[in-house]
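Letter 65 of the sequence shown, counting from 1, is numbered 459 in our numbering, and no numbers are missing. By construction, the Cβ of each residue, glycine as well, lies at the ideal position given by its N, Cα and C atoms.
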Amino acid sequence: MTRHLTTTADLTDDEIEAIFDEANGYLDGQTNQKLRGKLVINIFFENSTRTRSSFEVASKRLGAEALSLDVASSSESKGETMYDTAANLDAMGASAIVIRHKNAGAPKILSKYVKASVINGGDGAHAHPTQALLDLFTLRQAIGDVRGKKILIVGDIRNSRVANSNIKLLTRFGMKVVLAAPPHFLPKRSSIKMVWNIRDELDGASAVMSLRTQTERHERLIYASLSDYAANFKITKEALGDRNIFVMHPGPVHRNVDLEDGALSDPRSLVLRQVHNGVAVRMAILSKFVLGY
Ligand code: ASP
């Protein structure tokens, strides 16, 4: 039976460990021919800065053919539905379809219509499983055993699929997650600890993950200004102090709103390591789903 990756819950703990083991072997950036003759199609209905290129690089490093469909110039703009477009791509023999869509649940629905494995590249504010997996991988690489370690997630958590997927995955792997944001950016309900400032919670945290303000998902302006937000929630070198704490961000970074330049370039920043590791983790994910093991 074809398997799909719509949320991290589609994978068991053992499968995640196996993905990480395999990804470790891909960190050197070498190419191989594991997926030679296979076709991986990226279909992104929403903008992407790095997820799309990361999947494309990952597919090519595995020897697969990689096609990124520019949706703006595709038949969608001529009125063809997502299902028709995807079914046509499926008929071309795709082994995997990586989809990003502004509607939560789109990858799940698509998976019912195609033979290929569907991999969620981000759906609305719902989930971004490959980002959470590469974040956990990066945390482990930096910290070692993450069980019992605290991570502070800061920013527009309510509208962030990265936060959603990370809250689920990091707590599942034993991390203590604390959410810090102004009230209108916090989930309406959560069993996770939530605070309205960062200062008190940086103490004892092994990592802080900053998130972008998801302006495209706000129906109206729900905060006074980005600079007001930044005054309280921007991660600065001064706020980090001399703490032993790693800094993360999924990108794209709003410089000097989410992260101060100095915090981004600080040796404790894992931001580019996340991007590097993302290719290796996605190689392992593509191999698993395309070859079906
Ligand atoms: N790149 C991430 C996403 O697609 C984070 C962001 O856009 O802020 O969700």
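Closest to Ser681 by C-alpha separation, out of Ala403, Asn558, Asp422, Gly431, would be which residue? The shortest Cα separation from Ser681 among Ala403, Asn558, Asp422, Gly431 belongs to Gly431.
Taking the straight line between their C-alpha atoms, what separation do you get for Ser462 and Arg611? Rounded to the nearest angstrom, the two C-alpha atoms are 24 Å apart.
Nonlocal neighbours in the same chain, by C-beta distance under 7 Å from Lys428, ignoring five residues either side: Shown here for Lys428: same chain residues with a beta carbon closer than 7 Å to its own, the five before and five after excluded, namely Leu456, Gly457, Ser681 in chain order.
Please list the terminal residues of the continuous alpha helix (DSSP H) segment that includes Asp478. Bounds of the alpha helix (DSSP H) holding Asp478 are 476-485.
Per-residue DSSP class, three states only, for Ala678: Ala678 falls in the helix class under three-state DSSP.
Whether Ser448 touches Phe683 by CB criterion (7 Å): Taking 7 Å as the Cβ cut-off, Ser448 and Phe683 do not qualify as a contacting pair.
May I ask you to list the residues that DSSP assigns as paired with Ala574? DSSP output for Ala574 lists Val548, Val589 as bridge partner(s).
To which residues of the same chain is Gln608 closer than 8 Å at the C-beta, ignoring the five residues directly before and after it? Within the same chain, and ignoring the five residues on either side of Gln608 in sequence, the residues whose Cβ sits closer than 8 Å to its Cβ are Ala519, Asp550, Asn553, Ser554.
Three-pair Cβ contact test at 8 Å for the region 654-672 versus the region 575-585: In short, these stretches do not touch, since the Cβ pair count stays below three.
Do Val548 and Phe627 come within 7 Å of each other at the CB atom, strictly closer than that value? Result yes, Cβ atoms of Phe627 and Val548 sit closer than 7 Å.
Would you report the Cα separation of Asn671 and Val665, rounded to the nearest angstrom? Cα-Cα distance, rounded: 10 Å.
Quick check on DSSP: helix, strand or coil for Phe439? Phe439 falls in the coil class under three-state DSSP.
Within 7 Å of any Cβ in chain D, is that where the Cβ of Asp484 sits? Annotation note: the requested chain D is absent from the structure, which comprises a single protein chain.
Cβ-heavy atom distance between Pro644 and the ligand ASP below 6 Å? The closest heavy atom of the ligand ASP lies less than 6 Å from the beta carbon of Pro644.
List the endpoints of the continuous alpha helix (DSSP H) containing Ser448. For Ser448, the enclosing alpha helix (DSSP H) has its first and last residue at 445-455.
Counted within 10 angstroms of its Cβ, other Cβ atoms place Lys472 as buried (16 or more) or exposed: Around the beta carbon of Lys472, a 10 Å sphere encloses fewer than 16 other beta carbons of the protein chains shown; the residue is thus reported as exposed.
Segment limits, alpha helix (DSSP H) that includes Leu658: First-last of the alpha helix (DSSP H) with Leu658: 655-658.
What is the residue span of the beta strand (DSSP E) that Glu613 lies within? No residue range can be given for Glu613, since it is assigned to no beta strand (DSSP E) and is classified by DSSP as neither H nor E.
Report the rounded CA-to-CA distance for Glu474 versus Val465, giving the unit in angstroms. Near 11 Å, if we compare the C-alpha coordinates of Val465 and Glu474.
For Gln424, count the other beta carbons within 10 Å of its own beta carbon; 16 or more makes it buried, fewer makes it exposed. Which is it? By the 16-neighbour rule on beta-carbons within 10 angstroms, Gln424 is exposed.
Give me the Cα-Cα distance between Ile561 and Met677, rounded to the nearest whole angstrom. Rounded to whole angstroms, the gap between the alpha carbons of Ile561 and Met677 is 23 Å.
Gly487: which of Ala460, Thr402, Pro661 sits nearest, CA to CA? Of Ala460, Thr402, Pro661, the residue nearest in Cα terms is Ala460.
Any heavy atom of the ligand ASP closer than 6 Å to the Cβ of Arg555? True, at least one ligand heavy atom lies under 6 Å from that Cβ.
State the DSSP-derived secondary structure class of Asn638, mapped to helix, strand or coil. Correct three-state label for Asn638: coil.
Any heavy atom of the ligand ASP inside 6 Å of the beta-carbon of Gly672? No, Cβ of Gly672 sits at least 6 Å from all heavy atoms of the ligand ASP.
Let me know if Leu685 comes out buried or exposed under the rule of 16 or more other beta-carbons within 10 Å of its beta-carbon. So Leu685 ends up on the exposed side.
Output needed for Lys496: all residues of its chain with C-beta closer than 7 Å, excluding positions within five of it in sequence on either side, in chain order. Cβ contact annotation for Lys496 (same chain, cutoff 7 Å, sequence separation greater than five): Phe439, Glu440, Gly518, in chain order.
Arg606 CB to nearest heavy atom of the ligand ASP below 6 Å: Remark: the C-beta of Arg606 is in contact range of the ligand ASP, defined as less than 6 Å to any heavy atom.
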